[in-house]
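Enquirer: Okay, so the sequence shown: first residue is 963 according to my numbering, each after it adds one.
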Amino acid sequence: MTSITGDGDSSEGSVPPWLWFWVVLYVISLPAQIRFYEPAILDLFFHKDWLVLVNVPELLPFLALFIGVLLIPFPWLRAFYLERQFQLAEPDRNSSALTEMETFLQQHAPGIHIKTNMLRTDQLAFVYPLGYRKTGIALFGSLFRLWRSDKQTAEAILLHEVAHCRHGDALIIGVGSFFEAVVRNFIVLYLLFCFLPLSWSFASQSIDALQSGIPFANKLQQIFTSILPGSFLQLLGLLGGLASVFVLPIIAIWGAEFNADRFAINQQKSSFDLLHALNKISLPRSIFSWIIFRLTHPPTKMRKWAAEPRFGKFLIVLLLFPVAYFAKLLALIARALSEYLLICSDFAEIFVQLADNIRTYFATIAPIWCAMAVFFLLWPFMCMYWEQYFGGSRGTQSFDTYATYLMSALIVGLSALLWIQMA
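Structure representation (structure tokens):
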């Protein structure tokens, strides 16, 4: 296994808290979203006509994310649930391993509260919020065994969890977070509320066509030229709509994971133990479970690649969240294209409509990208105080990686100015 050594510390290059950036944008846009969805919400909850259920796929991402964000300000509910679910208790103070871990944790997150479950071996450790600025960490029996057999790897795991505490991530994501559960399971929501109903509709329409009195050849023609393409376009449009809503929080969560990895590497002055810890992650066995897991955890190979402290790689990690806006655009194009093809067969008109929509999209996100450019410039100065606010400990300030932030700000800022000029 290759090790990358360096001279960094906790403040030597971290990813801006894009999760909080996204949450702020979401809250700002909430009144406009409520006005947009108000007719569908009223139909769904206050009308008894079953036909209003067709609004469910459109309302689904809005309602799910709304509930997820709504629960963020109530961390004690999550703490109560997790401590009961995992049977967490006050630790045995006679354990030498616990004393060592507690000393280690207090160095990086003063005031963090430890609870344990020595009988569970399917978990290692996770942090969870006890309040707005108070964090707990759950330690399990498997971590204690790892601490005795491979202390450096166990420290890398703890440092990764501590980073989520210091960065303020624990309030939004992590074990027991309803917000993360919604984001992670959006494919399940799509299958339940979009794919299955439309598949049933396709089967029903196909049976009706086969039972009609028209010639068999015409029946097949109706199925393969009208019913099947229409169902496919509807599925594509709904998938594009859901993806356009969830892609930004997914990449923001990825940014939090990359940042936690960087913190562990900077503290240990090497990537060796973090890479060893990543190899110990037990992945879901089924492909479907693996996909769901990866929605909130970047692929291990990608995390290993990003662990190398190189200018180009750190620049790419910093720009992942801005680039996610292009992924959102592709999802919106898929949705719009499916809708246009359902009602229009003039490809020239469709192309003109798409071009206008794309210009409108870039004009809409230009102010957001300007804000991100400013955030890139300010973050190296802000990060110490941000970590002190959430983690209780301030890292030493270093501007060795400021050129990377400056380059990110130039790329994002100049792009935004170009879009403003084109609008």
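Just so it is clear, CB atoms sit at the ideal spot from N, CA and C, and this is done for glycine as well.
If you follow the alpha helix (DSSP H) that T1078 is part of, which residue opens it and which one closes it?
Expert: Unbroken run through T1078 is the beta strand (DSSP E), H1075 to N1079; no alpha helix (DSSP H).
Enquirer: Have a look at L1380 and W1331 and give me their C-alpha separation to the nearest angstrom.
Expert: Rounded to whole angstroms, L1380 to W1331 spans 11 Å at the Cα level.
Enquirer: Identify whether V1089 lies in helix, strand or coil by the three-state DSSP scheme.
Expert: V1089: strand per DSSP, three-state reduction.
Enquirer: May I ask which residues mark the beginning and end of the beta strand (DSSP E) holding I1099?
Expert: Unbroken beta strand (DSSP E) run through I1099: T1097 to F1102.
Enquirer: Quick check on S1161: does DSSP put it in helix, strand or coil?
Expert: Helix at S1161.
Enquirer: Could you check whether the segment 982-992 touches the segment 1030-1045, counting it as contact only if at least three pairs of C-beta atoms, one from each stretch, sit closer than 8 Å?
Expert: As far as the Cβ criterion goes, the segment 982-992 touches the segment 1030-1045, which means the pair count is three or higher.
Enquirer: Taking one C-beta from the segment 1128-1148 and one from the segment 1204-1216 each time, how about it: are there three or more such pairs within less than 8 Å?
Expert: Taking 8 Å as the limit for Cβ pairs, the verdict is that the segment 1204-1216 does touch the segment 1128-1148.
Enquirer: Tell me A1051's beta-bridge partners as DSSP assigns them.
Expert: In the DSSP output, where bridge partners are listed per residue, A1051 has T1078.
Enquirer: Per DSSP, what kind of secondary structure is A1269 in: helix, strand or coil?
Expert: If DSSP states are grouped into helix, strand and coil, A1269 belongs with coil.
Enquirer: Residue ranges of each alpha helix (DSSP H) run of no fewer than 4 residues wholly in the segment 1106-1164, ordered along the chain?
Expert: The segment 1106-1164 contains these whole alpha helix (DSSP H) runs: 1113-1128, 1140-1146 and 1148-1152.
Enquirer: My guess is that N1221 and V977 are in contact by the Cβ rule of under 8 Å, so how many angstroms apart are they, rounded?
Expert: Correct: roughly 4 Å between the Cβ atoms.
Enquirer: Could you compute how far the alpha carbon of I966 sits from the alpha carbon of L1101?
Expert: Residue placement at I966 is poorly supported in this model, since its pLDDT is 39, which falls under 50; the coordinates are not used for a value here.
Enquirer: Could you give the C-beta distance for S1370 and F1343, rounded to a whole number, given that I count them as a contact under 8 Å?
Expert: The Cβ separation is near 15 Å, so there is no contact.
Enquirer: Using the rule of at least 16 other Cβ atoms within 10 Å of the residue's Cβ for burial, across every protein chain shown, is P1271 buried or exposed?
Expert: Buried, because 16 or more other Cβ atoms sit within 10 Å of the Cβ of P1271.
Enquirer: For T1258 and G975, which I take to be in contact (beta-carbon distance under 8 Å), what is that distance rounded to the nearest angstrom?
Expert: Wrong, their Cβ atoms sit about 23 Å apart, outside the cutoff.
Enquirer: In three-state DSSP terms, what is I1386?
Expert: Nothing can be reported for residue 1386: it is not among the residues displayed for the chain, which extend from 963 to 1385.
Enquirer: Alpha carbon to alpha carbon, what distance is there between L1067 and A1333?
Expert: Near 35 Å, if we compare the C-alpha coordinates of L1067 and A1333.
Enquirer: Expressed to the nearest angstrom, what Euclidean distance is found between the alpha-carbon atoms of A1042 and G1093?
Expert: Residue identity check: residue 1042 is Phe in the sequence provided, not Ala. Each residue's alpha carbon lies about 11 Å from the other.
Enquirer: Which residue from T1366, F1048 and N1147 puts its Cα closest to that of I1253?
Expert: With distances taken between Cα atoms, I1253 lies closest to N1147.
Enquirer: Relative to the C-alpha of F1225, which residue among L981, W1162, M1080 and E1123 is closest?
Expert: The shortest Cα separation from F1225 among L981, W1162, M1080 and E1123 belongs to E1123.
Enquirer: My assumption, with CB atoms under 8 Å, is that L1108 sits in contact with T1115. Please give the rounded CB distance.
Expert: That belief holds up - the Cβ atoms of L1108 and T1115 are roughly 6 Å apart, short of 8 Å.
Enquirer: Can you tell me which of the three DSSP states M1384 falls into?
Expert: If DSSP states are grouped into helix, strand and coil, M1384 belongs with the helices.
Enquirer: Does the segment 1268-1284 touch the segment 1162-1176, meaning 3 or more C-beta pairs lie closer than 8 Å?
Expert: Judged by Cβ distances under 8 Å, the segment 1162-1176 makes no contact with the segment 1268-1284, as fewer than three pairs qualify.
Enquirer: Starting from the Cα of A941, find the closest Cα among I1305, P1329 and P979 and give me that residue.
Expert: A query on residue 941 cannot be resolved here, the shown segment of the chain reaching from 963 to 1385 and no further.
Enquirer: Taking buried to mean at least 16 other C-beta atoms within 10 Å of its own C-beta, is W984 buried or exposed?
Expert: Result: buried.
Enquirer: Can you tell me where the alpha helix (DSSP H) holding H1070 begins and where it ends?
Expert: Element bounds for H1070: S1058 to H1070.
Enquirer: Is it true that the segment 1075-1088 meets the segment 1039-1057, where meeting means three or more beta-carbon pairs spaced less than 8 Å apart?
Expert: Yes, since at least three Cβ pairs between the segment 1075-1088 and the segment 1039-1057 fall closer than 8 Å, the two stretches touch.
Enquirer: Using a Cβ-Cβ cutoff of less than 7 Å, which residues in the same chain neighbour A1378 once the five nearest sequence positions on both sides are dropped?
Expert: If we look at A1378 and ignore the five residues flanking it on each side, its Cβ neighbours are A1328, W1331, C1332 and A1335.
Enquirer: Where do the ends of the alpha helix (DSSP H) carrying P979 lie?
Expert: Here P979 belongs to no alpha helix (DSSP H), and DSSP marks it neither H nor E.
Enquirer: Can you give me the Cβ contacts of G1217 inside the same chain, cut-off strictly under 7 Å, excluding the 5 residues immediately before and after it?
Expert: If we look at G1217 and ignore the five residues flanking it on each side, its Cβ neighbours are V977, W980, L1282 and F1283.
Enquirer: Hey, quick one: how far does the alpha helix (DSSP H) through T1322 stretch, first residue to last?
Expert: Element bounds for T1322: F1309 to G1353.
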